Each structure stands twice: as C-alpha cells, then as structure tokens.
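Okay, structure first, notes after.
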Amino acid sequence: MIMDDRKKRILQAIIDDYIDKAEPIGSRTIARKYELGLSSATIRNEMADLEEMGYLAQPHTSAGRVPSDKGYRLYVDKLMPQRSLNSDEIRELKSAVNTRVYELSQLLKQATAVLSNFTKYTTMAVTPRMRSSTIKTVQVVPVDPGKALVVVVNNAGIVRNALIKVSEHATSEMLGRISNLLNDRLSGLTFEQADTERIRILGREAGVSVDILQPILDGTADCIHQMEDHEMYVEGSTNILNHPEFKDMDKAKQFLSLLDEKTSICRAVYDSARPNGISVRIGSENDLSSIRDCSLVTVSYNVADTMVGTIGIIGPTRMEYGKVISSIRYMKRLVSEEIDRLLGNEPESM
C-alpha cells in the first residue's frame with residue numbers, strides 16, 4: 393500500500409485529535425470534526441489500511457485507533473504544522489535569561505525551569521564530561537580567616553569551585569602567589585594534562601610549606617575532577633504524572649525511579665543530542681527501556697567545537713511536539729546568546 397496524501401491527511405487529523413484529547417478516535421469523529429471531504433466509511437477503510445501499515449494501533453478496549461510510534465515519527469518529520477511562538481510565550485521563555493548569571497550551570501538551571509513550566513513536561517539539563525576541554529583560569533580567593541575558595545574555569549565558561557580550609561599561617565600574599573603560579577602554568581592545558589601529579593610538582597615551586605600548599609592543591613584537583621563528571625538538573629519531575637498515560641502506578645514509579653539513576657538518564661539525554669539542531673526520539677527509538685513509552689526532545693549547546701550542555705524535554709509519546717520543538721529551538725537561541733555574553737563574545741547589553 394502507498395502512503396498517499398489522503399492517508400496523510402487522515403493520519404494528521406487522528407494524531408492532532410489524540411494529542412488534544414488522549415482518547416482513541418473513530419472514523420465518525422474524524423468525518424465530523426475535520427473538513428476532509430471524505431465519508432465516514434472511506435475514512436474507516438483508510439484507517440484500517442493505516443493500521444495494517446503500522447501507523448495506527450487499536451487498543452483492545454476501544455473501537456477507535458491511536459497513533460503508533462511509526463505514526464508519530466511520520467507526523468513529526470512530515471505532517472506536523474509548524475508552530476510559531478506568540479509574544480506572550482516569547483516573553484515567558486525570555487525570563488530564563490532576564491536575570492544575569494555568571495556560570496553556565498546557573499544558566500542551564502534557569503532555562504530548564506522555564507521550559508518545564510512552559511511545556512508542563514519533565515525537563516532536564518546535562519553538562520558533558522569536559523575531560524578534553526582546557527583550563528582558562530585558576531584562582532585561590534581568601535574568603536574568611538582559615539578559609540579560601542579555589543575556582544577553576546574552563547574554556548567553555550564552566551565554573552567549578554571548592555571551599556577549603558587553609559593554615560592560619562597562610563597570608564593573602566602567599567595565596568596570591570600560589571594562585572598566580574597555578575594560573576600561569578595550568579592555563580591552556582587539558583584536564584588530562586593537568587593531572588594531580590603535575591599540580592603537586594607545580595605547587596612545590598611556590599616556595600611555601602606543605603601545610604599551606606596541600607589543601608590548595610587538593611582543592612584544585614577536586615575542581616578538575618568535578619569537570620570530568622556529568623552534571624544533571626531536573627525540573628518538573630512529577631509533571632509527566634499529570635498525563636493519563638502515567639496514571640498507572642507501576643509506570644509512574646518506574647519513571648520517577650529513573651530520574652534517580654543519574655548515569656542512565658544522563659546517557660539517554662546526552663547520547664540523543666545532535667551536534668547541531670534538534671533531536672526527537674519517539675517511544676521505541678529510545679535506547680533506554682524505561683522511557684520507551686515516552687518521547688525525548690533534546691538540543692545541545694556548543695562553544696566552538698565543544699558541547700557544553702544538553703537540554704532534554706521528556707513527555708508521553710502523545711506530547712505537543714509543535715509546542716515543545718518551537719520552545720526548545722527558541723531557548724537554544726537565548727542560551728547561545730547568553731553563553732556568548734558569559735565568554736565575552738557579545739556586549740553586555742543584549
């Protein structure tokens with residue numbers, strides 16, 4: 393059988409209706425609600441063909457049909473009407489970057505919160521392991537007597553810090569000398585190059601006692617190790633439970649327990665992202681078995697050739713794809729502009 397224009401129009405109508413109502417739909421409803429110029433009998437025959445072709449499924453308890461993963465895939469790729477954001481929606485999304493932030497992690501947290509509230513789905517942001525990125529600056533900043541903050545910034549603007557205890561004999565001049573040495577010698581190195589042994593060797597050049605030096609070296613190494621791990625921020629973890637597909641308690645528990653498995657969900661979000669553009673994985677297209685009843689829409693953010701973050705929106709396969717895709721596309725633009733500002737590539741007024 394051929395997927396002709398008539399079948400496509402019927403499939404689009406079925407999916408639009410199912411996304412809106414979450415109920416199986418029959419041929420009479422399609423004929424009555426949508427101006428397709430077709431009789432109920434003709435639509436019924438075409439729906440039977442669409443089911444045979446794998447684009448529709450028939451729940452056991454209903455005479456109506458629902459979209460399959462294959463049907464949703466055709467809908468997203470070919471049939472879905474393009475959706476533009478209105479002025480109120482743009483204003484809501486812009487609120488993510490209205491308050492100036494000074495770390496990428498803060499920016500991604502804000503963007504994640506706004507997208508979750510806007511789409512009513514679960515939204516997460518993942519930063520990649522940054523082992524191949526390079527160190528931009530290292531600073532040791534006195535904060536209180538006996539305490540200092542070690543701050544490491546990489547070339548993508550990602551910041552990690554460690555609050556350390558320092559010897560009461562450590563003066564601001566000593567800390568400044570150590571800070572300058574570490575910054576001079578580590579700046580431009582990859583995290584692989586700036587291993588713990590190299591840091592210790594450099595530290596001995598500072599000419600201060602071990603009790604002063606050791607906590608600073610340990611703090612620097614800790615910041616670098618933090619960069620090497622994924623970070624994940626989740627907003628709206630229970631949003632998905634408001635959708636009828638997740639009224640089943642076992643399914644709901646499975647989804648919530650997944651969010652506690654940081655490694656698995658980080659990998660799912662990170663692996664689904666494309667270097668450029670938006671990725672949409674629908675149902676069984678997801679590698680992770682526990683989200684094969686869900687769709688995952690992701691977008692990545694890059695500095696030069698380095699991926700510095702990925703935002704993913706996860707919802708039922710019956711998600712509002714047009715709204716999700718248009719909002720995550722616009723958020724990519726906003727976040728990219730703000731990353732440029734953080735790295736000094738754009739003027740302060742945006």
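Mind the numbering: the sequence shown is residues 393 to 742 in this note's numbering, read in order. Every residue, glycine too, gets a C-beta built ideally from N, C-alpha and C. Owing to the predicted nature of the structure, the values given are computational and were not obtained by experimental measurement.
Residue i - DSSP class collapsed to helix/strand/coil
{"i": "Pro636", "result": "helix"}
{"i": "Tyr693", "result": "strand"}
{"i": "Gly418", "result": "coil"}
{"i": "Ser649", "result": "helix"}
{"i": "Ile394", "result": "coil"}
{"i": "Asp536", "result": "strand"}
{"i": "Thr702", "result": "strand"}
{"i": "Thr519", "result": "strand"}
{"i": "Glu677", "result": "helix"}
{"i": "Thr526", "result": "strand"}
{"i": "Thr655", "result": "helix"}
{"i": "Arg475", "result": "coil"}
{"i": "Tyr447", "result": "coil"}
{"i": "Ser601", "result": "coil"}
{"i": "Pro334", "result": "Because the chain spans 393 through 742 in this model, residue 334 falls outside it and cannot be assessed."}
{"i": "Met711", "result": "coil"}
{"i": "Val672", "result": "strand"}
{"i": "Ile616", "result": "helix"}
{"i": "Thr630", "result": "coil"}
{"i": "Gln404", "result": "helix"}
{"i": "Ser728", "result": "helix"}
{"i": "Ala562", "result": "coil"}
{"i": "Gln498", "result": "helix"}
Nearest candidate by alpha-carbon position, reference residue i, set the options
{"i": "Tyr426", "options": "Glu438, Leu442, Asp408 and Met439", "result": "Asp408"}
{"i": "Arg483", "options": "Tyr693, Asp603 and Met723", "result": "Met723"}
{"i": "Tyr662", "options": "Ser476, Asn678, Leu648 and Asp652", "result": "Asn678"}
{"i": "Asp397", "options": "Ile422, Leu428, Arg420 and Tyr410", "result": "Leu428"}
{"i": "Gly628", "options": "Pro667, Phe510 and Met393", "result": "Phe510"}
{"i": "Thr526", "options": "Thr582, Lys539 and Lys462", "result": "Thr582"}
{"i": "Ile406", "options": "Gly446, Pro607, Gly456 and Ser431", "result": "Gly456"}
{"i": "Leu477", "options": "Arg725, Ala540 and Lys715", "result": "Lys715"}
{"i": "Ala660", "options": "Gly418, Ile435, Ala517 and Glu444", "result": "Ala517"}
{"i": "Glu623", "options": "Ile657, Lys470, Ala665 and Gly599", "result": "Ile657"}
{"i": "Leu573", "options": "Glu584, Gly549 and Gly599", "result": "Gly599"}
{"i": "Arg569", "options": "Ile608, Gly549 and Gly538", "result": "Ile608"}
{"i": "Ile394", "options": "Ile422, Tyr447 and Leu633", "result": "Tyr447"}
Exposure label - residue i; buried when at least 16 CB within 10 Å
{"i": "Val535", "result": "exposed"}
{"i": "Thr630", "result": "exposed"}
{"i": "Val551", "result": "buried"}
{"i": "Arg465", "result": "buried"}
{"i": "Glu730", "result": "buried"}
{"i": "Ala586", "result": "buried"}
{"i": "Asn546", "result": "buried"}
{"i": "Thr563", "result": "exposed"}
{"i": "Ser571", "result": "buried"}
{"i": "Ile717", "result": "buried"}
{"i": "Met619", "result": "buried"}
{"i": "Met641", "result": "exposed"}
{"i": "Ile604", "result": "buried"}
{"i": "Val602", "result": "exposed"}
{"i": "Ala414", "result": "exposed"}
{"i": "Ile435", "result": "buried"}
{"i": "Ile417", "result": "buried"}
{"i": "Ser692", "result": "buried"}
{"i": "Glu438", "result": "buried"}
{"i": "Ser508", "result": "buried"}
{"i": "Ile593", "result": "exposed"}
{"i": "Asp685", "result": "buried"}
{"i": "Gly580", "result": "exposed"}
{"i": "Ser454", "result": "exposed"}
Euclidean distance between Cα positions of residue i and residue j
{"i": "Lys512", "j": "Arg673", "result": "18 Å"}
{"i": "Ser681", "j": "Thr529", "result": "41 Å"}
{"i": "Thr655", "j": "Leu567", "result": "37 Å"}
{"i": "Ile402", "j": "Ala554", "result": "58 Å"}
{"i": "Arg424", "j": "Ala433", "result": "12 Å"}
{"i": "Arg475", "j": "Glu712", "result": "10 Å"}
{"i": "Val468", "j": "Lys399", "result": "15 Å"}
{"i": "Arg733", "j": "Leu726", "result": "11 Å"}
{"i": "Pro459", "j": "Ile556", "result": "56 Å"}
{"i": "Ser728", "j": "Leu500", "result": "11 Å"}
{"i": "Arg710", "j": "Gly538", "result": "56 Å"}
{"i": "Leu430", "j": "Arg666", "result": "40 Å"}
{"i": "Leu754", "j": "Lys462", "result": "Any answer about residue 754 is impossible in this case: the structure gives the chain only from 393 up to 742."}
Short Cβ contact (9 Å threshold) for residue i with residue j
{"i": "Ser671", "j": "Leu485", "result": "no"}
{"i": "Ser687", "j": "Ile706", "result": "yes"}
{"i": "Ile683", "j": "Leu648", "result": "no"}
{"i": "Gly611", "j": "Val542", "result": "yes"}
{"i": "Tyr625", "j": "Thr504", "result": "yes"}
{"i": "Pro708", "j": "Glu653", "result": "no"}
{"i": "Gly701", "j": "Thr519", "result": "yes"}
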